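Right, one structure below, let's go through it.
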Amino acid sequence: MLLGKLLERTGAKIAREHGRIRISGITFDAESVRPGDLFVCLRGSRADGHDFCERAGQLGAAAVLAEQEEDCGIPCAIVADTRKALSLVSQNFCGRPAEKLKIITVVGTNGKTTTAYLIHELLERCGMRSAFIGTMYIEYGGIRYPSSLTTPDPTDLNRLFAELVEKRIEYVVMELSAHAIYYDKLYGIRAEVAVFTNFSRDHLDFFKDMDVYKKVKKSWFTFSNCKCAVINADDPCGAELLSEGKVPSISYGLDSPSDVFAVNIESVPSGTDFVINLMDELIYAETRLFGRFNVYNTLAACSAARLLGAEPKSMEKYLPLIAPPDGRFSLVCEGGVNYVIDFAHTPDGLENLLKAAREITRGKLICVFGCGGDRDATKRPMMGEIASRLADRVVVTSDNPRTESRAAIAEDICAGIGEDADLIVILDRETAIRHAVDRAASGDTVVIAGKGSEGYIDENNVKTPYSDKSALENALAARRRIAE
């Protein structure tokens, strides 16, 4: 593609003769530059891409896109904001595929994955060709593969959009992280529907301040970013969005007056049953999901699906068939004991999880969890307090230590746990799960929180294959052998 065409809508300043340069690819990683690429200079917290222009030229970059003039021996186009420009040039390079898709974005601290998954499942089952992009994986047309980021970078995202257009996919349901909003990964793309699930403490290692974090989440909900929104009225931040009215919205909730709400909520052995009033249309929802938080997720998903054209009776038919997403309140029952694997890794998420687990517990509630390293350390004692308050026994272990000490992270967690708590610290996660399984009795529930379907332990810049599901299966197999 010619550089002049590639730079459309960016407002880039470039010499006229340079507009005829042919560009064969786009990258913002200097070491991955191939001959003919446009190298986009991004300013990050650890490095500034402007410092690598010369290196990009040595590797064959045809041009540089920067926020200032760079004397690097190759043509340089200047824009005010290279992150916004990266999104725009990525769209242009791929033929603006997002304009041919109906994109549904799900924003919130907790519940993004489950809500996006449910929307995708409902649309697919209702005959509306859909793709899912999120933390667990990317899925469309019977194809599924792991995702490395909750929201892919613009170059990868737009290549994927182009592939979805080619595969005749119409709807794309995607999780939109606060980091992706902050970094303008979807700049210039307008969602058909944007969903807001909730706002609570997380990512303060990056955003530093709850007000800043909230402003970033809220900034997506403008008419330039989305045509309409589905917003949780029971969440204080959601209530702010509704009152500000920057985008046409429908509300959902259980406590506040809402356009969409649930009544007659009942926990059953297979999940949760309730009646949804969907803008005065009724759905008798029989779900395989547990907990009040999943009622919210279901309300959000049904609201979005209805806005996109799914019929209430079809949703009523298909809701009982949708299995829980991997690692989100994944329930295994053996020997009278309930075992729950869940991704909950925030204070609010852990509290919701343990409250839901208590509803299916006749005996003791045992909680196995840890906290990630190099992330917001202030939430660790908060999560310790929640675990010791809501569970009968707490097993503190490791999650993704990254470059921190496992023992130091555990010490931070234990600072919030009361002296009278039934507590043990076992830093090896698989051993901690084995300990909880060995001591569980009929009627108990063992909650294993923090990783869900994640397939690794991240420590000292190495990701070692690991799975809570496999660890639980191994512990149960060992317990069966002993019983024999």
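Note that the sequence shown covers residues 920 to 1403 in our numbering.
Using N, Cα and C, we set each Cβ at its ideal position, and we do this for glycine too.
Remember, predicted model here, so these are calculated numbers, not experimental data.
Note to self: Suppose contacts are defined by Cβ-Cβ distances below 8 Å. Is TYR1090 in contact with MET1047 by that definition?
What the structure shows: Contact flag set, yes.
Checklist line | Terminal residues of the alpha helix (DSSP H) in which GLU1349 lies | finding: 1348-1358
Check: Hey, is the region 1332-1342 in contact with the region 1258-1265, meaning 3+ C-beta pairs nearer than 8 Å?
Finding: no
Notebook entry, point to check: When you compare only the Cα positions, how much space is there between VAL983 and ASP1103?
Noted result: 19 Å
Item checked: Selected residue, minimal CA-CA separation from GLY938, among VAL1166, LYS924, ASP948 -> LYS924
Note to self: Could you check whether the region 1316-1323 touches the region 1213-1230, counting it as contact only if at least three pairs of C-beta atoms, one from each stretch, sit closer than 8 Å?
What the structure shows: no
Next item on the list: Starting from PRO1384, follow its DSSP beta bridges and name the residues at the other end.
Entry: Answer by DSSP bridge pairing, in chain order: TYR1375.
Notebook entry, point to check: Does the Cβ-Cβ distance between ALA1359 and VAL1366 come in under 8 Å?
Noted result: Using a Cβ distance threshold of 8 Å, ALA1359 and VAL1366 do not count as a contacting pair.
Check: Nearest CA to the CA of PHE1115: which residue from ALA1081, GLY1157, ASP1121?
Finding: GLY1157
Check: I think ILE993 touches GLY976, with their Cβ atoms under 8 Å apart; what is that distance to the nearest whole Å?
Finding: 5 Å
Note to self: Could you pull the DSSP bridge partners for ILE1305 from this structure?
What the structure shows: Looking at the DSSP assignment, ILE1305 forms no beta bridge with any residue, so it has no partner.
Notebook entry, point to check: Going by the CB atoms, is the gap between LEU1284 and ALA1276 shorter than 8 Å?
Noted result: Yes, these two residues count as a Cβ contact at 8 Å.
Margin query: Can you list, in chain order, the residues of its chain with a C-beta nearer than 6 Å to that of LEU1226? Leave out the 5 residues immediately preceding and following it.
Written below: VAL1112
Next item on the list: Starting from the Cα of THR1033, find the closest Cα among THR1191, PRO1016, ALA1368, MET1055 and give me that residue.
Entry: MET1055
Next item on the list: Round the Cβ separation of HIS1264 and VAL1314 to the nearest angstrom and send it over; I've been treating them as touching at under 8 Å.
Entry: That belief does not hold up - the Cβ atoms of HIS1264 and VAL1314 are roughly 16 Å apart, past 8 Å.
Note to self: Spatial neighbours of THR1383 within its chain, please: C-beta separation below 7 Å, excluding the five flanking residues on both sides.
What the structure shows: Apart from the 5 residues on each side of it in sequence, THR1383 sits with its Cβ closer than 7 Å to the Cβ of TYR1375, ILE1376 in its chain, given in chain order.
Notebook entry, point to check: Between the region 1144-1160 and the region 1184-1195, are three or more C-beta pairs nearer than 8 Å?
Noted result: no
Checklist line | Cβ pair SER1006, TYR1106 closer than 8 Å | finding: In contact: SER1006 and TYR1106 (Cβ atoms closer than 8 Å).
Checklist line | Proximity below 8 Å, CB of LEU1238 to CB of GLU1200 | finding: no
Margin query: Starting from GLU1185, trace the beta strand (DSSP E) in both directions and tell me its first and last residue.
Written below: 1179-1187
Item checked: LEU1250 versus LEU1208, LYS1031, PHE1288, ASN1271, residue with shortest Cα-Cα distance -> LEU1208
Check: Given CYS972, which residues of its chain have a CB within under 6 Å of its CB, disregarding the five upstream and five downstream residues?
Finding: VAL983, GLU989, CYS991
Checklist line | Complete beta strand (DSSP E) runs within the region 1028-1113 (minimum length 3 residues, chain order) | finding: 1049-1052, 1057-1059, 1062-1064, 1090-1094
Next item on the list: Using 10 angstroms around the beta-carbon of LEU961, count the other beta-carbons present and answer buried if the total reaches 16, otherwise exposed.
Entry: buried
Item checked: Any 3 or more C-beta pairs closer than 8 Å across the region 1297-1313 and the region 1325-1340 -> yes
Note to self: Using the three-state DSSP reduction, which class does GLU1253 fall into: helix, strand or coil?
What the structure shows: strand
Note to self: Alpha carbons only, please: which of LYS1137, ILE1352, VAL952 is nearest the one belonging to ARG1312?
What the structure shows: ILE1352
Notebook entry, point to check: When burial is assigned at 16 or more other CB atoms within 10 Å of the CB, is ARG1063 buried or exposed?
Noted result: exposed
Item checked: Ordered list of beta strand (DSSP E) runs contained in the region 941-1019, each at least 3 residues -> 944-946, 956-959, 982-985, 995-997
Checklist line | ILE1038 and GLU1094 closer than 8 Å at C-beta | finding: With a cutoff of 8 Å on beta-carbon distance, ILE1038 and GLU1094 are scored as not near each other.
Next item on the list: Report buried or exposed for LEU921, applying the criterion of at least 16 other Cβ atoms within 10 angstroms of its Cβ.
Entry: exposed
Notebook entry, point to check: Between the C-alpha atoms of SER1386 and GLU950, what's the straight-line distance to the nearest angstrom?
Noted result: Computed Cα separation, rounded: 32 Å.
Next item on the list: Count the other C-beta atoms from every protein chain shown that fall within 10 angstroms of the C-beta of PHE1142, then say buried if there are 16 or more, exposed otherwise.
Entry: exposed
Margin query: Quick check: what's the CA-CA separation for THR929 versus ASP1347?
Written below: 50 Å
Check: For ILE1367, which beta-bridge partners are listed by DSSP?
Finding: ILE1260, VAL1287
Checklist line | Beta-carbon proximity list for ARG1002, same chain, < 7 Å, skipping 5 on both sides | finding: LEU961, TYR1102, ASP1103
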